[in-house]
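For the sequence shown, this note's numbering gives the first residue as 2, with consecutive numbering after it. Have a look at the structure below before the remarks.
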Amino acid sequence: MRKVIFAVLILMVSAAAGANQKIAMYVGEIRLMRLDPIERVAVGQSAILSTSLLKNGQLLFLGESQGATNVHLWFENGKEAQYSVIVTEEDKHNIAKTLNELLGGIPGVKAEVIGDQVMLRGDVPPEYDPVVSAVLEKFPNVIDVTSKIA
2 MRKVIFAVLI LMVSAAAGAN QKIAMYVGEI RLMRLDPIER VAVGQSAILS
52 TSLLKNGQLL FLGESQGATN VHLWFENGKE AQYSVIVTEE DKHNIAKTLN
102 ELLGGIPGVK AEVIGDQVML RGDVPPEYDP VVSAVLEKFP NVIDVTSKIA
């Protein structure tokens, strides 16, 4: 019985170690990763994401175009890692930050990134409705889930 439990624990740890990690980027973004020494890198769609192994051992990711791809890494110690990378056209976090700055005077209204979308939430008093509408016209890809207060 102990051998079975031990084998199950080993399988669970192995599965967790090899779990697919998710990375969200935008076109033109550079991401540096400090990892164990890497032996080999494979990218599923190199038109979406390019990689470079730097002399200092860091791995550089560069978002080339919008889309999704996978990256598989083989380390010198024999371990492997898998990453799912989504590259979006725009920097969603910067859009949310800009919206929060523009609409910061409206209590309870907040923009946030959920997945790969920017959502605007909260209750909008009638006097602020024209302001919110005007701002959202400039950001057509933002999902508006605000409620109008009567």
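Glycine included, C-beta positions come from ideal geometry on N, C-alpha and C. Remember, it's a predicted structure, so these values are computed and weren't measured experimentally.
Which residues DSSP lists as bridging residue i, in chain order
i, result
"I31", "L63"
"K56", "DSSP lists no partner for K56."
"D145", "L121"
"A43", "H73"
"L50", "G64"
"Q25", "According to the sequence provided, residue 25 is Ala. The question's Gln does not apply to it. According to DSSP, A25 bridges with I87."
Exposure of residue i, with buried meaning 16 or more beta-carbon neighbours within 10 Å
i, result
"A97", "buried"
"A43", "exposed"
"A112", "buried"
"K80", "exposed"
"M13", "Note that M13 has pLDDT 46, beneath the 50 cutoff, so the model's placement of it is unreliable and no number is given."
Residue i - containing alpha helix (DSSP H), residue span
i, result
"A135", "D130 to E138"
Start-to-end residues for the beta strand (DSSP E) that takes in residue i
i, result
"V154", "What is shown of the chain runs 2 to 151, which leaves residue 154 out entirely."
Next on the checklist: At 4 residues or longer, what runs of the alpha helix (DSSP H) sit wholly inside the stretch 64-116?
Outcome noted: 93-103
Checklist entry - Can we say the stretch 102-118 touches the stretch 55-67, given the rule of at least three CB pairs closer than 8 angstroms? => result no
Checklist entry - Would you call the stretch 97-108 and the stretch 70-89 in contact, with 3 or more CB pairs under 8 angstroms? => result no
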